[in-house]
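In case it helps, our numbering puts the sequence shown at residues 59 to 293. For every residue, glycine included, the Cβ atom is placed at its ideal position computed from N, Cα and C. Everything below concerns the one structure shown next.
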Amino acid sequence: MQAVLLAGGLGTRLRSVVSDRPKPMALIQDKPFMEYVIMELINHGVNHVIFAVGYKGSMVEEYFKDGSAWGIQVSYAYEEELLGTAGAIKNAGKQVTTDRFLVLNADTFYQLDYSRLTALSQERDLDMALVLRQVEDVSRYGQAVLEDGWLTSFDEKTEETQRGTINGGVYLMNRTLLEDIPEGKVSLEHDMIPKWLLEGKKLGGFVNDGYFIDIGVPEDYYRFIEDVEKGRVVI
Numbered sequence: 059m060q061a062v063l064l065a066g067g068l069g070t071r072l073r074s075v076v077s078d079r080p081k082p083m084a085l086i087q088d089k090p091f092m093e094y095v096i097m098e099l100i101n102h103g104v105n106h107v108i109f110a111v112g113y114k115g116s117m118v119e120e121y122f123k124d125g126s127a128w129g130i131q132v133s134y135a136y137e138e139e140l141l142g143t144a145g146a147i148k149n150a151g152k153q154v155t156t157d158r159f160l161v162l163n164a165d166t167f168y169q170l171d172y173s174r175l176t177a178l179s180q181e182r183d184l185d186m187a188l189v190l191r192q193v194e195d196v197s198r199y200g201q202a203v204l205e206d207g208w209l210t211s212f213d214e215k216t217e218e219t220q221r222g223t224i225n226g227g228v229y230l231m232n233r234t235l236l237e238d239i240p241e242g243k244v245s246l247e248h249d250m251i252p253k254w255l256l257e258g259k260k261l262g263g264f265v266n267d268g269y270f271i272d273i274g275v276p277e278d279y280y281r282f283i284e285d286v287e288k289g290r291v292v293i
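Structure below.
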């Protein structure tokens with residue numbers, strides 16, 4: 059299994075507490091946050107990680123090198139300019155060799171059953187399988203809706219404060235989708251997934267209630283440090 063880790067963002071909201079490195083390399087007990095993400099992937103059978111890197115990306119390469127210290131293969135796809143999520147996937151996709159591959163945000167830690175994602179993708183011959191998560195207030199995000207495991211709407215804005223499901227930022231993509239992503243700066247969430255839905259691409263997924271955190275802001279970064287120290291996160 060191959061995984062593309064999106065690690066090219068500038069991380070401006072976390073800059074006040076982590077200013078010397080890319081956001082996914084923020085230290086948690088002397089290990090970069092991204093190492094926790096990678097260990098979780100290794101536990102679920104991923105053996106090749108492609109880092110989509112930009113800002114201070116050489117720091118990622120200096121730490122993870124060829125991946126042999128973790129028993130995996132590691133490679134790097136550098137962005138010369140910010141490409142957005144879909145643009146970064148297309149750039150990294152030149153190194154993808156499997157029919158399906160995982161895509162994750164390197165600044166997010168989400169515990170889930172990846173075999174369930176693979177099984178769903180194979181059973182329904184999906185172009186893309188997504189993981190959603192339940193939140194108390196979908197008005198803070200763009201709502202994503204599944205009906206019988208099929209994605210029916212995505213990135214839908216609502217003013218109402220209500221419980222619902224949103225994008226969890228974990229995807230299992232069919233490699234053929236790479237051809238459909240245009241060159242340049244493109245968003246997966248705002249441009250490509252809504253487009254693929256309209257075109258009738260086969261998109262599906264499930265709602266996962268596993269541990270989730272995005273360390274994009276200082277309070278969540280410190281919360282993850284505390285969760286690791288207190289054993290709430292076990293790799």
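Give me, in chain order, the residues of the same chain whose beta-carbon lies closer than 6 Å to that of residue i; leave out the 5 immediate sequence neighbours on both sides.
i	result
Gly-151	Leu-236
Asn-105	Ile-130
Asn-225	Ala-202
Mind checking which residues open and close the alpha helix (DSSP H) that includes residue i?
i	result
Asn-149	142-150
Gln-180	172-182
Arg-294	In the structure displayed, the chain extends from 59 to 293; residue 294 sits before or after that span and is not available.
Ile-251	251-257
Val-107	Unbroken run through Val-107 is the beta strand (DSSP E), 106-111; no alpha helix (DSSP H).
Under a three-way DSSP split, which group does residue i fall into?
i	result
Thr-155	coil
Ser-245	coil
Ile-317	Residue coverage of the chain in this structure runs from 59 to 293, which leaves residue 317 outside it and unanswerable.
Lys-81	helix
Val-228	strand
Tyr-168	strand
Skipping 5 residues on each side, what residues in its chain have a beta carbon closer than 8 Å to that of residue i?
i	result
Asp-195	Thr-219, Gln-220 and Arg-221
Thr-234	Asp-185
Can you tell me where the beta strand (DSSP E) holding residue i begins and where it ends?
i	result
Leu-204	201-205
Glu-214	208-214
Tyr-136	131-136
Excluding the five sequence neighbours on either side, which residues of its own chain have a C-beta within less than 7 Å of the C-beta of residue i, listed in chain order?
i	result
Thr-216	Val-196, Ser-197 and Gln-201
Ser-126	none
Taking all protein chains shown into account, decide if residue i is buried (16 or more other Cβ within 10 angstroms of its Cβ) or exposed.
i	result
Ser-211	exposed
Ser-297	In the structure displayed, the chain extends from 59 to 293; residue 297 sits before or after that span and is not available.
Exercise for the section: Pair every Cβ in the segment 93-103 with every Cβ in the segment 136-152, then say whether three or more of these pairs are closer than 8 Å. Expected result: Cβ pair count under 8 Å is below three, so no.
Exercise for the section: Assess, as a yes-or-no matter, whether the segment 123-142 is touched by the segment 159-166 under the definition of 3 or more beta carbon pairs within less than 8 Å. Expected result: no
Practice task
Indicate whether the contact test is met: 3 or more Cβ pairs, each with one atom in the segment 247-261 and one in the segment 169-178, closer than 8 Å.
Solution key: By the Cβ criterion, the segment 247-261 is not in contact with the segment 169-178, since fewer than three pairs of Cβ atoms, one from each stretch, lie closer than 8 Å.
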